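So the sequence shown is numbered by the numbering used here: it starts at 5 and just counts up by one.
Presented below is the structure to which this report refers.
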Amino acid sequence: MPNPFEAVWNTLKIAIDNGNEPKSPIHIIEVGDLWKYLTMIEEFTRYDEMALNTSTDDEVLETLNDAIKICESQVKKLSQFMKKEGIPLPDVTSPKPNSDSKEIPLGVKLTDDEITNGIAFKLVVSMQACAKGQADAIRSDVGFIWLQFYTDWVVFGTTLKTLMRKRGWIKVPPYYYPPGSPNQ
Numbered sequence: 005m006p007n008p009f010e011a012v013w014n015t016l017k018i019a020i021d022n023g024n025e026p027k028s029p030i031h032i033i034e035v036g037d038l039w040k041y042l043t044m045i046e047e048f049t050r051y052d053e054m055a056l057n058t059s060t061d062d063e064v065l066e067t068l069n070d071a072i073k074i075c076e077s078q079v080k081k082l083s084q085f086m087k088k089e090g091i092p093l094p095d096v097t098s099p100k101p102n103s104d105s106k107e108i109p110l111g112v113k114l115t116d117d118e119i120t121n122g123i124a125f126k127l128v129v130s131m132q133a134c135a136k137g138q139a140d141a142i143r144s145d146v147g148f149i150w151l152q153f154y155t156d157w158v159v160f161g162t163t164l165k166t167l168m169r170k171r172g173w174i175k176v177p178p179y180y181y182p183p184g185s186p187n188q
């Protein structure tokens, strides 16, 4: 999935790289945010792999594959950055093997509605973690990583929301009508 903001990123990256900011050591909160996010994204990838084994819907499978590509790209970038900074990588769950969705009993198998809502939950949690990481970042390079990851999820989220709306899977809380508002 091409990133529509690539030109903006390149401009921001050049501005950050050409800045006269001295490279300070990465601080403990930045390290904690990066470590937790890497762990979380690796585990979310396992969810997507399990969901790939249960769905037969082409659009859901495409969405899952897109989510996995984003996660894998972020894991690669973050792992390289953390290794370069001397940050130990977390222990994560091994990738899930492929299986035949027809062999999974119906009571155990996730529905496409459950799968897409699980992805939506993952999306919200990932975006919140990116926003927190961005707010905690002191170093520009760390802040830029969070901005890139957040934008990945924003672009992905528009596609996911369109699919969920189209299929009637989006969960909408009850509407709020303040006391004394006109009845219509």
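Where a beta carbon is used, it is the ideal one built from N, C-alpha and C, also for glycine.
Quick caveat: nothing in here was measured; it's all calculated off a predicted structure.
The straight-line gap separating the alpha-carbon atoms of residue 28 and residue 112 is approximately 50 Å. Secondary structure remark: continuous alpha helix (DSSP H) runs of at least 4 residues inside the stretch 35-100, in chain order: 62-89.
One Cα belongs to residue 165, the other to residue 174, and the distance between them is close to 7 Å.
Closest in alpha carbon position to residue 103, among 31, 44, 55 and 132, is 55.
The three-state secondary structure of residue 173, taken from DSSP, is coil.
Ranking 51, 150, 129 and 161 by CA distance to the CA of residue 81 puts 150 first. A Cβ-Cβ separation of about 5 Å places residue 161 in contact with residue 127 under the 8 Å criterion. For residue 30, the secondary structure class from DSSP, reduced to helix, strand or coil, is coil.
Assignment of residue 162 by DSSP, reduced to helix, strand and coil, places it in the helix class.
Buried is the label assigned to residue 71, since at least 16 other Cβ atoms lie within 10 Å of its Cβ.
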